[in-house]
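J.: Chains as they are written, first to last, in this note's numbering: chain C, 784 to 1213; chain R, 505 to 705. Glycine is no exception: its CB is placed at the ideal position from the N, C-alpha and C atoms. Nothing here was measured: the structure is a model prediction, and the numbers come from that model.
1) For the region 896-909 of chain C, which residues have a beta carbon sitting closer than 9 Å to at least one beta carbon of chain A?
2) Roughly how far, in whole angstroms, is the beta-carbon of residue 513(R) from the beta-carbon of residue 538(R), given that I think they are within contact range, below 8 Å?
3) Going by the CB atoms, is the gap between residue 1030(C) and residue 964(C) shorter than 8 Å?
4) DSSP state of residue 838(C), grouped into three classes?
5) Within this structure, are the beta carbons of residue 616(R) and residue 1173(C) separated by less than 8 Å?
6) Please report whether the beta-carbon of residue 576(R) lies at a distance below 8 Å from any beta-carbon of chain C.
7) Can you list, in chain order, the residues of its chain whose CB lies under 6 Å from that of residue 524(R), leaving out five sequence neighbours each side?
8) Could you tell me whether the region 1135-1152 of chain C touches the region 945-962 of chain C, using the rule of 3 or more Cβ pairs below 8 Å?
9) Cα separation between residue 877(C) and residue 564(R)?
10) With 8 Å set as the bound, which would you pick, yes or no: does the beta-carbon of residue 665(R) sit closer than that to a beta-carbon of chain C?
11) Report the neighbours of residue 1197(C) on chain R: residues whose CB is nearer than 7 Å to its CB, in chain order.
12) My guess is that residue 857(C) and residue 828(C) are in contact by the Cβ rule of under 8 Å, so how many angstroms apart are they, rounded?
13) Can you list, in chain order, the residues of its chain whose CB lies under 6 Å from that of residue 1107(C), leaving out five sequence neighbours each side?
14) Please check if any C-beta of chain R sits within less than 8 Å of the C-beta of residue 885(C).
15) Within its chain, find whatever has a CB closer than 6 Å to the CB of residue 515(R); leave out the 5 residues flanking it on each side and keep chain order.
16) For residue 557(R), tell me which candidate among 568(R), 587(R), 577(R) and 529(R) has the shortest Cα-Cα distance.
17) Any beta-carbon of chain C closer than 8 Å to the one on residue 569(R)?
18) For a minimum of 4 consecutive residues, which ranges assigned as the alpha helix (DSSP H) are wholly contained in the region 995-1052 of chain C?
19) Can we say the region 1096-1105 of chain C touches the region 1117-1133 of chain C, given the rule of at least three CB pairs closer than 8 Å?
20) Can you look up residue 927(C) in the DSSP assignment and give me helix, strand or coil?
21) Sort out for me which residues DSSP pairs residue 658(R) with in a bridge.
22) Could I get the ranges of all uninterrupted beta strand (DSSP E) runs contained in the region 1112-1167 of chain C, with 3 residues as the minimum, in chain order?
23) Using three-state DSSP, classify residue 818(C) as helix, strand or coil.
24) Which residues in the same chain as residue 672(R) place their Cβ atom closer than 6 Å to its Cβ, once the five residues preceding and following it in sequence are excluded?
25) Residue 698(R) lies in the beta strand (DSSP E); which residues open and close that run?
26) So is residue 816(C) buried or exposed if we call it buried at 16+ other beta carbons inside 10 Å?
27) Assign residue 569(R) to buried or exposed, taking buried as 16 or more other Cβ atoms, counted over all protein chains shown, within 10 Å of its Cβ.
28) Are residue 813(C) and residue 852(C) close, meaning C-beta to C-beta below 8 Å?
29) Below 8 Å between beta carbons is the criterion; list the residues of the region 617-647 of chain R that meet it against any residue of chain C, in chain order.
30) Measure the beta-carbon distance from residue 574(R) to residue 610(R) and round it to whole angstroms, keeping in mind my assumption that it falls under 8 Å.
31) How about residue 1026(C) and residue 1066(C): are their beta carbons less than 8 Å apart?
32) Can you confirm whether the region 1179-1190 of chain C touches the region 1156-1169 of chain C when touching is taken to mean that 3 or more C-beta pairs between the two stretches lie within less than 8 Å?
33) Are the CB atoms of residue 1044(C) and residue 1019(C) nearer to each other than 8 Å?
34) Any chance the region 992-1011 of chain C sits against the region 1049-1063 of chain C, with 3 or more Cβ pairs inside 8 Å?
35) Under 8 Å between C-beta atoms, does residue 1110(C) make it to chain R?
36) Which stretch, first to last residue, makes up the beta strand (DSSP E) that contains residue 1264(C)?
This is the structure in structure tokens:
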């Protein structure tokens, strides 16, 4: 062994005793109203014990040991919230195209449609995006990055995935495939939504080898064929943006026949076919504030969509249709309004936590306050579904995150009168 | 310039609002309000001093470079200056339905930094201040004898996700009633579009 190696071993050995003292990932949150988002429901006056970043105890009068104690004084504690299907970290300023990476559009129009299911939007993710702290200080701990659809692209937007807002570069869990159907995709399928079914069956034919790779009808690259073979064979979740009831009914039938595991995004008219959606076990991500007949696919828009879906047995989560990234924090306003319009409160919370975690195959580590889960927690000033309240402290893997963002920095710069110099100079007084 | 028509200016940045205020001074006209005003918090003192209203968002930001410096305390920082005129706006067919909830977000974020805003003050952002900006405060915008009976009865505090309008009166006529189907208007557009509902097989 070299002398420098032994020196390193000695250094590590010297540091080990310090590691057994207070670990930044150990804490005891005492006397909180614990919203488990799981089978135990809401627990009053309950403690949550965290060790090495994982929840190891949820109960009364837990022993802190060396863990830091946080007194919650009865305030609500929840898992960190799902931020919806967004472009956080993939879009910095919406109007600055150089900062927007969420949509592939290789072709100029529908005749040149490029179907690239292998496109993976998570490869553009920037964990240093200013949008990350802005979302995080409001209790958002994770989001599903979605691949978009627009002219020059395809109704098959490509793949997205879940990122945790903890600074990690990589997405976690399996990738989901994003598809847009109905009126919103018709301009990409020769002006008719009927062509979308024609196209999907054509892609299945190609995946199964019935359209040879060198055929003039072949649309996919080899990677694309491999990708679609997975999703069209029951592996992986296909997220379908779709609004109209009749289209949803056709999609449910198609997904059952072709063995495709789908989720619905938007589903403004989902309530009309709620029984069928529930029978199929398909989760739905609704914009609970979409109550206007924005187009003919959304004539049935109602604030009661989430409540009616839930009453029929559907797993309801949420996602905003507009400004979903910069204002991801608004997602709890969606849930609160759904509750105001008939959704049970616990279902509203589950829609922000355990339901999306379960839909994306992450239920073993995220989405609930339960033993074994990551200690991704939020302490609130009051009911988290009411915009009258805010997040007081957020923890990720048991570590308290700094409750600072670009927005709080700007706020603090202008909160006090200037000290005589322009505010761009450091203000040592505050 | 003669003041016959009120001047409302769409403007995001503090430096550009300042430029318009200088222009107004130079040419002798009055700016009634800036709309959007994402950076209004940076010149809150000047807006109040010059009696200019500001119709602002509770939380929109980042959709274009001009809105990159948006903060959730914008309305609160504009409002706290004596003589100010802060208005909660939405520029959205969705947001405009729930300006009371937009105001709730302002109150909550202000409270977080020790600025406590009483509900009877916050309601002015949705009523008195916009009426003032539009020059119709003598007719509406407050509950006072002599003004038009434009009134909302709420199910509780309007500053909550759970707030709902129970009854809405315009000029004293009950035009919307959550519990009376005879006072729930349905547009010509939506009429008859639901005749197949429940009949699909």
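T.: In short, the structure shows the following:
1) In the structure shown, chain A cannot be found, because the protein chains are C and R.
2) For the purposes of this step, residue 513(R) is identified with residue 9 of the second chain, where counting begins at 1. For the purposes of this step, residue 538(R) is identified with residue 34 of the second chain, where counting begins at 1. Residue 513(R) to residue 538(R), Cβ: 5 Å. Contact.
3) Position 181 of the first chain, counted from the start, is the residue given in the question as residue 964(C). Position 247 of the first chain, counted from the start, is the residue given in the question as residue 1030(C). The answer is yes: Cβ separation under 8 Å.
4) Looking up residue 838(C) in the first chain gives position 55. Residue 838(C) falls in the strand class under three-state DSSP.
5) The residue you call residue 616(R) lines up with position 112 of the second chain. The residue you call residue 1173(C) lines up with position 390 of the first chain. Yes, Cβ-Cβ distance for residue 616(R) and residue 1173(C) is below 8 Å.
6) Looking up residue 576(R) in the second chain gives position 72. With 8 Å as the cut-off, residue 576(R) counts as an interface residue toward chain C.
7) To locate residue 524(R), count along the second chain from 1; it is residue 20. So the qualifying residues of the chain are 513.
8) The region 1135-1152 of chain C, when compared against the region 945-962 of chain C, does touch it at the 8 Å Cβ threshold.
9) Residue 877(C) sits at position 94 when you count from the first residue of the first chain. Residue 564(R) sits at position 60 when you count from the first residue of the second chain. Taken atom to atom, the span from the alpha-carbon of residue 877(C) to that of residue 564(R) is near 12 Å.
10) Against the second chain, residue 665(R) aligns to sequence position 161. At least one chain C Cβ lies under 8 Å of residue 665(R).
11) The count along the first chain starts at 1 and reaches residue 1197(C) at position 414. Here the neighbours are 545, 546 and 581.
12) Here residue 857(C) corresponds to residue number 74 of the first chain, with the count starting at 1. Here residue 828(C) corresponds to residue number 45 of the first chain, with the count starting at 1. Between residue 828(C) and residue 857(C) the Cβ distance is about 7 Å, and since that is below 8 Å, they are a contact.
13) The count along the first chain starts at 1 and reaches residue 1107(C) at position 324. If you ignore the 5 residues before and after residue 1107(C), its C-beta comes within less than 6 Å of the C-beta of 867 and 869, all in its own chain and listed in chain order.
14) Indexing the first chain from 1 puts residue 885(C) at position 102. So no, residue 885(C) is outside the interface.
15) Within the second chain, the letter at position 11 stands for residue 515(R). Excluding positions up to five away in sequence, the list reads 521 and 538.
16) Numbered from its first residue, the second chain carries residue 557(R) at position 53. Of all alpha-carbon atoms in 568(R), 587(R), 577(R) and 529(R), the one lying nearest the alpha-carbon of residue 557(R) is that of 587(R).
17) Taking the first residue of the second chain as 1, we reach residue 569(R) at position 65. By this cut-off, residue 569(R) is an interface position.
18) 1005-1014 and 1028-1041
19) yes
20) Taking the first chain and counting its residues from 1, one reaches residue 927(C) at position 144. If DSSP states are grouped into helix, strand and coil, residue 927(C) belongs with the strands.
21) For the purposes of this step, residue 658(R) is taken as the residue at position 154 of the second chain. Looking at the DSSP output, residue 658(R) shares a beta bridge with 669(R).
22) 1160-1163
23) As a first step, residue 818(C) is located in the first chain; it is residue number 35 there, counting from the start. Three-state DSSP puts residue 818(C) in a strand.
24) Counted from its first residue, the second chain places residue 672(R) at position 168. So the list reads 656, 679 and 680, once near-sequence residues are dropped.
25) The residue given as residue 698(R) occupies position 194 in the second chain. It is not in any beta strand (DSSP E) - residue 698(R) carries neither H nor E in the DSSP assignment.
26) One-based indexing of the first chain puts residue 816(C) at position 33. By the neighbour-count rule (16 or more Cβ atoms within 10 Å), residue 816(C) is buried.
27) The residue given as residue 569(R) occupies position 65 in the second chain. Flag for residue 569(R) reads exposed.
28) Sequence index remark: in the first chain, residue 813(C) carries index 30 (1-based). Sequence index remark: in the first chain, residue 852(C) carries index 69 (1-based). Closer than 8 Å, so yes.
29) 617
30) The residue given as residue 574(R) occupies position 70 in the second chain. The residue given as residue 610(R) occupies position 106 in the second chain. About 13 Å separates the two Cβ atoms, so there is no contact after all.
31) Position 243 of the first chain, counting from 1, holds the residue named residue 1026(C). Position 283 of the first chain, counting from 1, holds the residue named residue 1066(C). The answer is no: Cβ separation not under 8 Å.
32) The way I'd put it, the region 1156-1169 of chain C does touch the region 1179-1190 of chain C; three or more beta-carbon pairs between them come closer than 8 Å.
33) Indexing the first chain from 1 puts residue 1044(C) at position 261. Indexing the first chain from 1 puts residue 1019(C) at position 236. It is a contact, given that the beta carbons lie within the stated cut-off.
34) no
35) Locating residue 1110(C) in the first chain gives position 327, counting from the first residue. So yes, residue 1110(C) belongs to the interface.
36) Nothing can be reported for residue 1264(C): it is not among the residues displayed for chain C, which extend from 784 to 1213.
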